[in-house]
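Following my numbering, the numbering of the sequence shown begins with 3 at its first residue and continues without gaps.
Report on the structure given below.
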Amino acid sequence: MTKRLECIDAGSEYCPCYLAELNECIVCSQLQGKQFCDCNWRGVCIYQEYIWAGCKSKSTRKTILSNIIKKDMINERLLILTLKIPKKLSRELNEPGSYIFLRDNLSPSFFDTPMSIMYSNEMEGIIKLAVQINGPKTKLIQECKENIYIRGPYWNGLFGHKYIKGMHNSKCLVVLRGIAQAPGVIVISKLIQNNNNVTVLIDKGKIGEYFIEEYLKDFNITIFKKDILSNDGQNLLRNLISNQNIKLIYSGGSDAQHLNILNFIDHYNTEAYLAVSNNNTICCGEGICGSCEIEINGQKVRSCKVQLDVRKAIERRILHA
Ligand code: FES
3 MTKRLECIDA GSEYCPCYLA ELNECIVCSQ LQGKQFCDCN WRGVCIYQEY
53 IWAGCKSKST RKTILSNIIK KDMINERLLI LTLKIPKKLS RELNEPGSYI
103 FLRDNLSPSF FDTPMSIMYS NEMEGIIKLA VQINGPKTKL IQECKENIYI
153 RGPYWNGLFG HKYIKGMHNS KCLVVLRGIA QAPGVIVISK LIQNNNNVTV
203 LIDKGKIGEY FIEEYLKDFN ITIFKKDILS NDGQNLLRNL ISNQNIKLIY
253 SGGSDAQHLN ILNFIDHYNT EAYLAVSNNN TICCGEGICG SCEIEINGQK
303 VRSCKVQLDV RKAIERRILH A
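What follows is the structure, given as structure tokens:
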């Protein structure tokens, strides 16, 4: 039996989307071509919204030209981009797991590359992104001078949204490594807003820099810097997770790191919730192209749209790869 899925866009101004027009809606059974209502969505009826919109998808994400305010090359592989964007968009992007697509202003749309939001200033309409220069698309982004194309907002950059948003007045642990430090800043900010006590373990990883400290300096948090893969790092990670007061752990890093943390949770703190960065290959972000599709218990799931069960997502990628 297929499991009911949770779409990150359900109820947003981007719902219903293209998938509804194709009878492929992730949530609504009627917009999957069935003759009856069998959804678990508790917001405004997606089918009704679809009918009221004239049997069409609602608003779609636009590609806009954004001004580059600043480019900081931290080292030869790490670029911090500061962009001016509409305030509404910066507000929408000030959420855990948010990302946009970036493209240099001369290339066609298949140069779009997804990039996590590191920081968003809603009052000024400014965002910051950390770009790891890796291949042709990011090299072209590095060469942009005055402006750059962006498309968004998208939010499924992590799994376990409900744990992060629902965690209040508790102790939380955030483990970040390499370029995945960047989306960790908004995760930490959201946890602090909810009055949580946050401990952060950062590993500079392959990117070779601790580049988010500047964005954390106003938060009252405890920060450890360590090579997580070293013996010392593993001991520290195990000790931090073993603290039974830790109620939520967020892992930003590779799938191997997620699995490492999941194993510690299973041994030392079975009550803790786990949220993780989404490491699947994102290409369109709209549930259309299939590049992010994975199969869980025989069900095909487009992970750019669906909030996956964290444990199943990790085990499927690592253990059944
Ligand atoms: S990235 Fe295209 S379907 Fe998910």
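Here a beta-carbon is modelled for each residue, glycine too, at the ideal position from N, C-alpha and C.
It should be emphasised that the depicted structure is a prediction, and the values quoted were computed from it without experimental measurement.
Between P110, D114, L108, which has its C-alpha nearest I102's C-alpha?
The shortest C-alpha separation from I102 is found at D114.
Using DSSP's beta-bridge definition, name the partner residues of K195.
Looking at the sequence itself, residue 195 is Gln, so the reference to Lys does not match. Paired residues: none, contrary to the question.
So the beta strand (DSSP E) Y16 belongs to, where does it begin and stop?
Premise fails: Y16 is in no beta strand (DSSP E) and is neither H nor E.
Consult DSSP for P324 and reduce its assignment to one of helix, strand or coil.
No answer is possible for residue 324: it lies beyond the span of the chain, which begins at 3 and ends at 323.
Determine the DSSP secondary structure at N280, reduced to helix, strand or coil.
Looking at N280 - three-state DSSP - the assignment turns out to be coil, as it is neither helix nor strand.
Please name the residue or residues paired with P116 in a DSSP beta bridge.
Answer is F103, bridged to P116.
Given this structure, state the Cα-to-Cα distance separating I135 from L81, to the nearest angstrom.
Rounded to whole angstroms, I135 to L81 spans 7 angstroms at the Cα level.
In the DSSP output, which residue or residues are listed as bridge partners for G130?
The amino acid at residue 130 is misidentified as Gly; the sequence shows Lys. Partner(s): T84, Y121.
Taking 6 angstroms as the cut-off, is the CB of S293 close to at least one heavy atom of ligand 1?
Result yes, Cβ under 6 angstroms from ligand 1.
Tell me the residue span of the beta strand (DSSP E) that contains G254.
Start and end: 248–254.
In whole angstroms, what is the alpha-carbon distance linking H163 and F226?
Distance between the alpha carbons of H163 and F226 is about 24 angstroms.
Going by the beta-carbon positions, is the gap between V29 and F161 smaller than 7 angstroms?
Going by C-beta atoms, V29 is not nearer than 7 angstroms to F161.
Give the DSSP-derived three-state secondary structure of T140 in the structure shown.
Correct three-state label for T140: helix.
In the DSSP output, what is C174 paired with across the bridge?
Partner(s): V200, L250.
Please list the terminal residues of the continuous beta strand (DSSP E) segment that includes D74.
Unbroken beta strand (DSSP E) run through D74: 65–77.
So, with DSSP's three-state summary, where would you put E211?
E211: coil per DSSP, three-state reduction.
At the level of alpha carbons, what is the spacing between E15 and D234?
If you take the alpha carbons of E15 and D234, they lie about 47 angstroms apart.
Report the rounded CA-to-CA distance for N262 versus E51, giving the unit in angstroms.
N262 and E51: Cα-Cα distance of roughly 43 angstroms.
Can you tell me whether I135 is helix, strand or coil according to DSSP?
The answer is coil: DSSP assigns I135 none of H, G, I, E or B.
When we look at the beta-carbon of R44 and count the other beta-carbons within 10 Å, is it buried (16 or more) or exposed?
Flag for R44 reads exposed.
Between which two residues does the beta strand (DSSP E) holding R304 run?
Residues 301–304.
Is it buried or exposed, R6, if we count other Cβ atoms within 10 angstroms and call 16 or more buried?
Answer is exposed; the Cβ neighbour count stays below 16.
Would the C-beta of R304 count as close to ligand 1, meaning under 6 angstroms from any of its heavy atoms?
Yes; taking the cut-off as 6 angstroms, the Cβ of R304 has a heavy atom of ligand 1 nearer than that.
Look at V177 and P98 and say whether their C-beta atoms are less than 7 angstroms apart.
No, these two residues do not count as a Cβ contact at 7 angstroms.
Give a single yes or no on whether G289 has its beta carbon closer than 6 angstroms to a heavy atom of ligand 2.
Among the ligands modelled here, namely ligand 1, ligand 2 does not occur.
Below 8 angstroms, can you find three or more Cβ-Cβ pairs linking the stretch 57–69 to the stretch 147–161?
Yes, since at least three Cβ pairs between the stretch 57–69 and the stretch 147–161 fall closer than 8 angstroms, the two stretches touch.
Given this structure, state the Cα-to-Cα distance separating I128 from K147, to the nearest angstrom.
Answer to the nearest angstrom: the Cα atoms are 17 angstroms apart.
Helix, strand or coil for L160, going by three-state DSSP, please let me know.
The answer is strand: DSSP assigns L160 an E or B state.
Do Q309 and I10 come within 7 angstroms of each other at the CB atom, strictly closer than that value?
Taking 7 angstroms as the Cβ cut-off, I10 and Q309 qualify as a contacting pair.
Decide if K249 is buried, meaning its Cβ has at least 16 other Cβ atoms within 10 Å, or exposed.
Answer is buried; the Cβ neighbour count reaches 16.
Is it true that the CB of L276 sits closer than 7 angstroms to the CB of I243?
No. Outside cutoff.
Would the beta-carbon of I284 be found less than 6 angstroms away from any heavy atom of ligand 1?
At least one heavy atom of ligand 1 is nearer than 6 angstroms to the Cβ of I284, so yes.
I'd like the list of long-range same chain contacts for S293, defined as Cβ closer than 6 angstroms, with 5 residues on each side in sequence excluded.
Answer for S293: T283, C285, listed in chain order.
Excluding the 5 residues flanking I150 on each side, which residues of the same chain have their C-beta closer than 8 angstroms to its C-beta?
Only L67, S68, I70, L83, L85, L104, R105, D106, N107, I143 meet the Cβ criterion.
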